[in-house]
Amino acid sequence: MSLRLQQTLGWVLVAFGGLIYLTFRPTTILMFYIADSMGLMPSVMSWRSWMATWQPAEFWVYSLPGGLWASAYILLVYGLLSRQPALLRLTVTSSIPMVGVVSELLQGVHCLPGVFDWTDLSCYATPLVLLYIYEIIKNKTICHGWIASTVSN
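All the letters of the sequence shown, read from the start, carry residue numbers 241 to 393 under the working numbering.
Pasting the structure below:
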């Protein structure tokens, strides 16, 4: 995938996740204060009114945006770091989505406020797994190094 396409897709995912939030989430979240400060609330409220008859499943409203944003972060940062060593690229690229995974797990053991949700966890983890699979396929030295160390042990 070209860098330009990768970056465009990343921003489309950010926008789609934001649109879901602005359409279906309660107006008390931070995104609405930002929209209000930008003078966008009349348009946002008109959009919400127009979409009010559609009630998507909870997955679309509460889990999917996090997965979209995790995917967008991976695409955008991976593109910026495309010429860096694989370990640096993977570490930085996976950092924010990994925060989502860890926060869900900590909610599950009651070390962090919130409600553990398997769907949220899978929405954060799926882009990470796909990133690692892509990187292993793309950079055969990671795969060969892992196989060699596994076989020698």
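Note that the Cβ used here is the ideal one computed from N, Cα and C, for glycine as well.
Along the chain, where does the alpha helix (DSSP H) containing Tyr318 start, and where does it finish? Run containing Tyr318: Leu304 to Leu320, per the alpha helix (DSSP H) assignment.
Could you tell me whether the segment 324-333 touches the segment 290-307, using the rule of 3 or more Cβ pairs below 8 Å? no
Bounding residues of the alpha helix (DSSP H) (the contiguous stretch that carries Met285): Met281 to Met291
With burial defined as no fewer than 16 other Cβ atoms inside 10 Å of the residue's Cβ, what is the status of Pro398: buried or exposed? Nothing about residue 398 can be read from this structure; the chain reaches only from 241 to 393.
At 4 residues or longer, and completely inside the segment 326-353: list those alpha helix (DSSP H) runs for me, N to C. Residue ranges of uninterrupted alpha helix (DSSP H) with 4 or more members, entirely inside the segment 326-353 and ordered along the chain, are 326-348.
According to the neighbour-count rule (16 or more other Cβ atoms, all chains shown, within 10 Å of its Cβ), is Ala275 buried or exposed? Ala275 comes out buried.
Is it buried or exposed for Tyr273, if we count other Cβ within 10 angstroms and need 16 for buried? Tyr273 should be labelled exposed.
Using the Cβ count rule (16 or more neighbours within 10 Å means buried), how would you classify Cys363? Taking all protein chains shown into account, Cys363 has 16 or more neighbouring C-beta atoms within 10 Å of its C-beta and is therefore buried.
Nearest-angstrom Cα distance between Phe264 and Val301? 6 Å
For my contact list, Gly319 and Leu243 are in at a C-beta cut-off of 8 Å; report their separation, rounded to the angstrom. 5 Å
Leaving out the 5 sequence neighbours to the left and right, which residues in its chain are closer than 7 Å to Gln347 when beta-carbon positions are compared? Cβ within range, chain order: Gly354, Val355 and Phe356.
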